[in-house]
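**Student:** Numbering (the working numbering), first residue to last: 925 to 1219.
For every residue, glycine included, the Cβ atom is placed at its ideal position computed from N, Cα and C.
I have a structure I would like to understand better, so I am pasting it below and will then ask my questions one at a time.
Here you go:
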């Protein structure tokens, strides 16, 4: 297990975290500096329990996972999973795997590579400043039992592929900026209550007491994997470029060809005359109507 909760970590989650596998039991606890970090992971990636809770480890120490050194094993360790903190002791730790990065200041998007840690049982990224969308690759976490992404700034839709996680017992995405419908209430997702989704004003569907309407669905579709944006930027750029080229072409043609310039000016003059006649007629009619009512 990897427990880095309640520290001062900031910046993005390192992509190399996805290369971790879980084996022997080790921990790092109650240290306050970088001196404990040597070079353990330079040629190794497997471990089972590495703890730095309340160690005040900062982001520069998290950025390179090749710098951790594992120290003496602990007989009893605590790990938060499924919304509760449990104490574990002995050989059971060799059969557990989890990552807890909660209660830090981590920012940026969640690396999609985390979905490749197929043997992980618990993942806690709550109480950070993470943005972007929930990676669809999380549907590959076939052994996950607890997934906590609450209290971040995540946006877009909850990937419907997550209903494939049949081992999931705890799912928390509360207090984010998620939008669109909640996952279909099948298998494990049929057991999650409103507390799993609360604090997301744009979320709709059961178990929330808010039905999905067309504007909500549309907003979620535009957000999708791109985050919170309601605009398809590719379409915007193409439309803007087309309009710009068209206007520039018309202006160039009018400047080069005197005949078309005269035709254009005549067209503008006709349009002005038509508008003037329409407005003048409207003013006369309104004046007659006012005089009629006064009389």
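#1: Counting only the same chain and skipping the five closest in sequence on each side, list residues whose C-beta sits under 7 Å from that of residue 1110.
#2: Quick check on residue 1168: buried or exposed, where buried means 16 or more other Cβ atoms within 10 Å of its Cβ?
#3: Report the CB separation of residue 1049 from residue 1026 in whole angstroms; it is logged as a contact under 8 Å.
#4: To the nearest angstrom, how far is it from the Cα of residue 1042 to the Cα of residue 1135?
#5: Would you decide whether residue 1103 is buried or exposed? Buried here means 16 or more other CB atoms lie within 10 Å of its CB.
#6: Tell me the DSSP bridge mates of residue 1204?
#7: With 16 as the cutoff for other CB atoms within 10 Å, does residue 972 come out buried or exposed?
#8: Here's the rule: buried if 16 or more other CB atoms are within 10 angstroms of the residue's CB, otherwise exposed. What is residue 1186?
#9: Tell me whether the beta-carbon of residue 1099 lies closer than 8 Å to the beta-carbon of residue 1069.
#10: Please list the terminal residues of the continuous beta strand (DSSP E) segment that includes residue 1095.
#11: Shortest alpha-carbon distance to residue 936 belongs to which of 1033, 942 and 1171?
#12: Could you check whether the Cβ of residue 1024 sits closer than 7 Å to any heavy atom belonging to the ligand GDP?
#13: So what does DSSP say about residue 1109, is it helix, strand or coil?
#14: Where residue 1078 and residue 1165 are concerned, what is the direct C-alpha to C-alpha distance, given to the nearest angstrom?
#15: Helix or strand or just coil, what does DSSP make of residue 1070?
#16: By how many angstroms is the C-alpha of residue 1107 removed from the C-alpha of residue 1082?
#17: Determine the direct distance from the alpha carbon of residue 1159 to that of residue 1035, and round the result to whole angstroms.
#18: Just the C-alpha distance for residue 1047 and residue 1062, rounded to the nearest angstrom, thanks.
#19: Suppose the cutoff is 8 Å on Cβ atoms and the five residues either side in sequence are ignored; what does the same chain contact list for residue 1163 look like?
#20: Please identify the residue among 1023, 1182 and 1132 whose C-alpha is closest to the C-alpha of residue 1065.
#21: Quick one: what does DSSP say residue 1224 is sitting in, helix, strand or coil?
#22: Checking 8 Å against the spacing of the C-beta atoms, do residue 933 and residue 1030 come in under that value?
#23: Identify the continuous beta strand (DSSP E) that holds residue 1033 and give its terminal residues.
#24: Give me the DSSP bridge partner(s) of residue 1023.
#25: For residue 1124 versus residue 1028, is the C-beta spacing smaller than 8 Å?
#26: On the premise that residue 926 lies in contact with residue 944, defined as a C-beta separation below 8 Å, what is that separation, rounded to the nearest angstrom?
#27: Starting from residue 1053, follow the beta strand (DSSP E) in both directions and report where the run begins and ends.
#28: Whole angstroms is fine: what's the gap from residue 1118's alpha carbon to residue 1085's?
**Tutor:** In short:
#1: Hits under 7 Å: 1087.
#2: Around the beta carbon of residue 1168, fewer than 16 other beta carbons sit within 10 angstroms, so the residue counts as exposed.
#3: Confirmed, about 7 Å.
#4: Roughly 34 Å between the two C-alpha positions.
#5: A buried status is given to residue 1103, since no fewer than 16 other beta-carbon atoms sit within 10 Å of its beta-carbon.
#6: Looking at the DSSP output, residue 1204 bridges to nothing.
#7: Reliability of the predicted coordinates at residue 972 is poor, the pLDDT of 39 falling under 50, and no value is obtained from them.
#8: Under a 10 Å Cβ-count criterion, residue 1186 is classified as exposed, with fewer than 16 other Cβ atoms of the shown protein chains found around its own Cβ.
#9: No. Outside cutoff.
#10: For residue 1095, the enclosing beta strand (DSSP E) starts and ends at 1094-1096.
#11: That would be 1033, whose Cα lies nearest to the Cα of residue 936.
#12: You won't find the ligand GDP in this model; it holds no ligand whatsoever.
#13: Three-state DSSP puts residue 1109 in coil, outside helix and strand.
#14: Residue 1078 and residue 1165: Cα-Cα distance of roughly 31 Å.
#15: DSSP places residue 1070 in strand when its eight states are reduced to three.
#16: The straight-line gap from Cα to Cα measures roughly 7 Å.
#17: Answer to the nearest angstrom: the Cα atoms are 26 Å apart.
#18: Just so you know, the alpha carbons of residue 1047 and residue 1062 end up roughly 10 Å apart.
#19: Nothing meets the Cβ criterion.
#20: For residue 1065, the closest C-alpha among the options 1023, 1182 and 1132 is that of 1023.
#21: With the chain covering 925 to 1219 only, the question about residue 1224 has no answer from this structure.
#22: Yes. Within cutoff.
#23: Note, residue 1033: beta strand (DSSP E), 1029-1033.
#24: Bridge partners of residue 1023 according to DSSP: 926 and 1047.
#25: No, the pair does not count as a contact, with Cβ atoms beyond the cut-off.
#26: Contact between residue 944 and residue 926 holds, since their C-beta atoms are separated by about 7 Å, short of 8 Å.
#27: Run containing residue 1053: 1053-1055, per the beta strand (DSSP E) assignment.
#28: Annotation: residue 1118 to residue 1085 spans about 20 Å, alpha carbon to alpha carbon.
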